[in-house]
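Colleague: Attaching a single structure in structure tokens format; questions to follow.
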Amino acid sequence: MADKFRLSEGALRLIMKGDQVDDPIMQVLGSKRIASASTDKERFRLLLSDGKYLVSYAMLTTQINDKIANGELADNTIIRVKRYITSVINNGGKSNKHVLVILEMEVLLPGDQTGKIGNPEQLPDNDTEPDSTTNSNNATTNDHVNSLSKPATSASTYRCMLNKPTNIDLNVSLQDHHIHPISSLNPYHNKWVIKARVANKSGIRKWSNSRGEGQLFSMDLIDESGEIRCTAFRDIVDKFYEMIEVDKIYYITKCQVKAANKQFSIKNDYEMTLTHNTIIQECYDADISVPQTKYDFISIDKIVNIETGTIVDVIGICKSVSEIFTFTARATGRELKKRELTLVDQSNSGISATLWGTDAEKFEGSSQPVIAIKGAKIGEFGGGKNLSILGSSIFKINPDIPESHRLRGWFENGGMQQNVTNISSTSSIGGSQTQWLNLKEAQNLSSEDAEKGVYFQTKATVIMFRSENCLYKSCPVDDCKKKVVDMENGMYNCEKCGRQYPNFKYRLLGSINAGDWSGNQWISMFASETEKVLGMTSEEVGQAVEANPQALADLADKANFKQFILKCRAKTETYNDETRLKTVAIKVDNISYKEYNAHLISRINELQGMKN
DNA sequence: CCCCCCCC
């Protein structure tokens, strides 16, 4: 029976030297209570065997004391040690005692089902000195900062020197008055230890500029007193990146503290840089005094009225997810990857939230999880609002917070079936809330508000449909829309995709001179809206032109003098010092006289001074 | 020592 569990022979020697051994299997050969002055924190000492060696200074962290009390760790019990730390008790400078503290374990075989395995011998204590990594300045002082030794290279095992023989628990030794609040850090004091939660951690980013190149990552640390940003550069990144986990609490000391660039730091006058001397140790107690991320959620429908560029916290169900889009940023020439999430909430509103780069690649949202974002940036496109998830944003999937559970409850109990108003879609400006302006008003307003552009709707007549260049052969790839070049060999080349296709898609691109009672304006529109003006699909127009090259002129004639409600964006653009107004019909609708008349009546009342 | 977060 016991053969099933081979003890990890020799593991204790490695562990006590400071090496990391993953999930070693050990046998408990005895246990006893340690006499302690403190009654609330009783401790148990274990005699532990790996089949080859014995260690009598093994202990349980107090959180799992109950395992002894309930008899789970009877003699001969075989356990798997899942998490541990090694510590050194410095006995007032007289001797160093190495101990193993078990933080997490599981019983593999109860003690009454097996006997003692092997013939383990006492591990000599002088064999436990770490090799070259031994802290050279471990002379005992009263300075608790110096009582920390360098961390081992492994991710989960840290060595520590403690100067109080009665207290071998790392978590206990550094708490209370030895911990400095983050708000007290400054560049003029370097002996401090903070106990902070990692609120956010960036990915590893590479930079390259005139001053050099390298890699970096940063994290936001928070405690009761405040927060501070902490950055690691170059090889320090490799040393700490993996071990740092978001939401965990760490003791941190020996970082460089320097004045922060005010432009990028509003939370603290200072920021920290991890150095070669930095020591970071995980704190395993769930200290509730170290705050969790605080959100200030705003309901999605409210975002419509918040200025572009504002940073907000949002929580929503990820109702749908796009594929990854790859494109080149025109300004920088950089290749960008993005994925768009549609988030919905109890306001029955939806918004598109964009993940970038590796965040986009990693995201998997098919289970419609709750997404909480702290610090998303509001953007604007085509009159709709959207969110951009920045490197500085905290992005949580199914966070265990009340708002998350409430939202899930709403979604599962009817929210899922609700029709949502997507405040990101350009058609969302098609509602009656779009301001009514006549073309003259739009022209005047646009010249005043040249930067942002003006959104409006008007009832207009097609005075002239320009048939020249209104139809083109486009890339057959959905969403590409790029005009293809006929290679005259049955193939069509798309420069955007950088490849040739045996087929193409007809696509309309409309330009009309539209008039209302105030004046007229050349207005362009994409294929979907041009189809509404012509009353034909792009494909139908293409076929008609193939059958008769003169067909377009006839089709244009039929469009002339039709009337529509045009929802437009007007914006001034400057080419070569020449400024002109560019107006795009984002949406072309048949006239709803019910809505249009309501508008006219309200306008008449307004003119008569009768506010409605 | 970064400080970009982009596009239709």
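Under the numbering used here, read the first sequence as residues 494 to 1105, first letter to last.
Glycine is no exception: its CB is placed at the ideal position from the N, C-alpha and C atoms.
What residue from S845, S897, E828 and Q1043 has the CA that sits closest to L834's CA?
Modeller: S845
Colleague: Do M1029 and L1048 have their C-beta atoms within less than 8 angstroms of each other?
Modeller: yes
Colleague: Note down, in chain order, each residue of its chain lying with its Cβ closer than 6 angstroms to the Cβ of I571, except the 5 sequence neighbours on either side.
Modeller: F498, Q520, L601 and L602
Colleague: Is the segment 733-749 touching the segment 680-695 in the sense that three or more CB pairs, one from each, lie closer than 8 angstroms?
Modeller: yes
Colleague: What ranges does the beta strand (DSSP E) occupy inside the segment 698-744, keeping only unbroken runs of at least 3 residues that lie completely in it?
Modeller: 698-702, 705-716 and 719-726, all fully within the segment 698-744.
Colleague: Nearest-angstrom Cα distance between M980 and D713?
Modeller: Those two C-alpha atoms are separated by around 55 angstroms.
Colleague: Check whether the segment 820-837 and the segment 850-870 are in contact - that is, three or more C-beta pairs closer than 8 angstroms.
Modeller: yes
Colleague: Taking the alpha carbon of K688 as the point to measure from, which residue in T724, E735 and I781 has its own alpha carbon closest?
Modeller: I781
Colleague: Determine the extent of the alpha helix (DSSP H) in which N1090 is found, giving its start and end residues.
Modeller: Residues Y1086 to L1100.
Colleague: Measure the alpha-carbon distance for S542 versus V514 and round it to whole angstroms.
Modeller: 15 angstroms
Colleague: Which residues does DSSP list as the beta-bridge partners of C973?
Modeller: C973 pairs with nothing; no bridge assigned.
Colleague: Tell me where the beta strand (DSSP E) around F820 begins and ends.
Modeller: Note, F820: beta strand (DSSP E), I804 to T821.
Colleague: CA-CA distance, L1002 and V1081?
Modeller: 13 angstroms
Colleague: Please return the same chain residues whose Cβ sits closer than 7 angstroms to the Cβ of S629, not counting the five positions on each side in sequence.
Modeller: Unreliable placement is indicated for S629, whose pLDDT of 35 sits below 50; the coordinate value is still reported in the next sentence. Here the set comprises nothing.
Colleague: Taking S840 as the reference, which of F904, I882 and D893 has the closest Cα?
Modeller: F904
Colleague: For the beta strand (DSSP E) holding T988, just list the boundary residues, first then last.
Modeller: The identity of residue 988 in the sequence shown is Glu, whereas the question assumes Thr. Counting along the chain, E988 falls outside any beta strand (DSSP E), and DSSP gives it neither H nor E.
Colleague: Rounding to the nearest angstrom, what Cα-Cα distance links K812 and I1079 in this structure?
Modeller: 25 angstroms
Colleague: Using DSSP with H/G/I as helix, E/B as strand and the rest coil, what is S939?
Modeller: helix
Colleague: Measuring alpha carbon to alpha carbon, tell me which of G802, K867 and N879 ends up nearest D794.
Modeller: N879
Colleague: Is the beta carbon of L932 closer than 8 angstroms to that of W938?
Modeller: Correcting the residue type first, residue 938 is Leu in the shown sequence and not Trp. It is not a contact, given that the beta carbons lie outside the stated cut-off.
Colleague: Between the Cα of P895 and those of A865, G850 and L522, spot the shortest distance and give me the residue it belongs to.
Modeller: A865
Colleague: Can you tell me which residues form a DSSP beta bridge with N798?
Modeller: Bridge partners of N798: none, in fact.
Colleague: Quick one: what's got a C-beta closer than 8 angstroms to G1107's C-beta in the same chain, skipping five residues either side?
Modeller: A query on residue 1107 cannot be resolved here, the shown segment of the chain reaching from 494 to 1105 and no further.
Colleague: In terms of alpha-carbon separation, which member of S711, R959 and L1074 lies closest to S1004?
Modeller: R959
Colleague: Shortest alpha-carbon distance to T851 belongs to which of I799, G877 and L883?
Modeller: L883
Colleague: Can you tell me whether K755 is buried or exposed? The criterion is at least 16 other CB atoms within 10 Å of its CB, across all chains shown.
Modeller: exposed
Colleague: Exposed or buried, D716, counting other C-beta atoms within 10 Å across all chains shown (16 or more means buried)?
Modeller: Of the other Cβ atoms in all chains shown, 16 or more fall within 10 Å of the Cβ of D716; this residue is therefore buried.
Colleague: Ends of the beta strand (DSSP E) at L1106?
Modeller: Coverage of the chain is limited to positions 494 through 1105, which leaves residue 1106 absent and any answer about it impossible.
Colleague: Run through DSSP, which three-state label would H591 get?
Modeller: strand
Colleague: Using a Cβ-based criterion (distance less than 7 angstroms to any ligand heavy atom), does V807 qualify as near the ligand ATP?
Modeller: The model on display carries no ligand, and the ligand ATP is accordingly not part of it.
Colleague: Locate the alpha helix (DSSP H) running through S542, then write down its first and last residues.
Modeller: It is not in any alpha helix (DSSP H) - S542 instead sits in the beta strand (DSSP E) that spans R536 to S542.
Colleague: By Cβ distance below 7 angstroms, which residues in the same chain neighbour V955 in space, the five residues on each side in sequence not counted?
Modeller: Result list for V955: I1005, A1007, V1026, A1052, N1053, F1054 and K1055, in chain order.
Colleague: Can you give me the C-alpha to C-alpha distance between Q1014 and T1065, rounded to a whole angstrom?
Modeller: Approximately 13 angstroms between the Cα atoms of the pair.
Colleague: Leaving out five residues on either side along the sequence, give the residues of the same chain with a beta carbon under 6 angstroms from the beta carbon of I1016.
Modeller: Counting only Cβ-Cβ distances below 6 angstroms, and skipping sequence neighbours, we find I1005, A1007, T1076 and A1078.
Colleague: On the DSSP letters alone, give me the boundaries of the alpha helix (DSSP H) that L829 sits inside.
Modeller: Premise fails: L829 lies in the beta strand (DSSP E), E828 to V837, not in any alpha helix (DSSP H).
Colleague: Going by alpha carbons, who is nearest to S802 out of G868, Q936 and E1032?
Modeller: It is Gly, not Ser, that sits at residue 802 in the sequence shown. Nearest of G868, Q936 and E1032 to G802, Cα basis: G868.
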